Amino acid sequence: MKKLGTAAILAGGKSTRMGFDKQLLEVSEKRLIYNLIDKLNKEFEEIIIVTNSPEYYSDSNIKIMEDIIVGEGPLSGIHAGLKCASSQFVYFIACDMPNINLKYIRYMKSKIRDLEIYAEIYVTRCGKNIEPFNAFYSKDIIIDIENNLSQGKRSLRSLFEKIPTYCIEEKEARIFSPNWEMFLNLNTEEDLRNFLGK
Ligand SMILES: Nc1nc2c(ncn2[C@@H]2O[C@H](COP(=O)(O)OP(=O)(O)OP(=O)(O)O)[C@@H](O)[C@H]2O)c(=O)[nH]1
Ligand SMILES: [Mg+2]
1173 MKKLGTAAIL AGGKSTRMGF DKQLLEVSEK RLIYNLIDKL NKEFEEIIIV
1223 TNSPEYYSDS NIKIMEDIIV GEGPLSGIHA GLKCASSQFV YFIACDMPNI
1273 NLKYIRYMKS KIRDLEIYAE IYVTRCGKNI EPFNAFYSKD IIIDIENNLS
1323 QGKRSLRSLF EKIPTYCIEE KEARIFSPNW EMFLNLNTEE DLRNFLGK
């Protein structure tokens, strides 16, 4: 199996804070998710959208995957993305993250390929927290996600605590994205207005 090569976009959330389905977000009259796909195509051979509304994507040749364990939040999406992926590690991004940074993706890939450490998740630290997206997860953790969800553990944090996780330090990541724009996510209408400069 190839080590790298698959990217997955999570697009199956409830968008409660935004008030409309975020997978339909538009920037300059183009659907944001298609911008993400165009960029990811430069760095990945396989792109998967994990959504529960496949009808939104009839016009595209990307892979569409629906949640297998439905209704458990981001872990549902990561689980389905990993199941569907043909590479060992999968890059995950959320459909509301407009600033994909290809240089940082390449940097993370080089860590996965070249570091002589064992990790199944590659994420970035931000203060005391961990950024769950713009990150890589291994197919080997599918079973751990299933175990967590069967015990009602829906948080990504409980996953990071139990699985060998490599954290890129905030200082290191800021070299690529000084204002942390590569982790920006548009959760509310205000976030969207600020992003569009309106
Ligand atoms: N496939 C899938 N993706 C999900 C699910 N829940 C959240 N996501 C995705 O995970 C990412 C981060 O989630 P949030 O930003 O909290 O999105 P959300 O849950 O739709 O928004 P809120 O309801 O406002 O919290 C987004 O890309 C969501 O689409 C789910 O149950 N399935
Ligand atoms: Mg969000």
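Each position in the sequence shown, counted from 1, maps to that position plus 1172 in the numbering used here. Cβ atoms here follow ideal geometry from the backbone N, Cα and C, with glycine treated the same way. Predicted model, so just to flag it, every value in this text is computed and none were measured.
Under 8 Å between C-beta atoms of residue i and residue j
i: residue 1316; j: residue 1334; result: yes
i: residue 1288; j: residue 1336; result: no
i: residue 1356; j: residue 1269; result: yes
i: residue 1273; j: residue 1190; result: no
Straight-line gap, residue i to residue j (C-alpha atoms, nearest Å)
i: residue 1225; j: residue 1304; result: 23 Å
i: residue 1278; j: residue 1257; result: 19 Å
i: residue 1230; j: residue 1249; result: 20 Å
i: residue 1358; j: residue 1290; result: 33 Å
i: residue 1175; j: residue 1263; result: 11 Å
i: residue 1217; j: residue 1259; result: 10 Å
i: residue 1245; j: residue 1321; result: 10 Å
i: residue 1329; j: residue 1302; result: 8 Å
i: residue 1349; j: residue 1365; result: 21 Å
Residue i at chain D interface by Cβ criterion, 8 Å
i: residue 1370; result: In the displayed structure, chain D is absent; only one protein chain is listed.
Environment of residue i [buried if 16+ CB atoms lie within 10 Å]
i: residue 1223; result: buried
i: residue 1205; result: buried
i: residue 1173; result: exposed
i: residue 1261; result: buried
i: residue 1178; result: buried
i: residue 1239; result: buried
Residues sharing a beta bridge with residue i, DSSP
i: residue 1198; result: 1203
i: residue 1301; result: 1298
Closest Cα partner of residue i within the set the options
i: residue 1370; options: 1181, 1186, 1200, 1196; result: 1200
i: residue 1247; options: 1368, 1207, 1203, 1324; result: 1324
i: residue 1219; options: 1266, 1326, 1198, 1352; result: 1266
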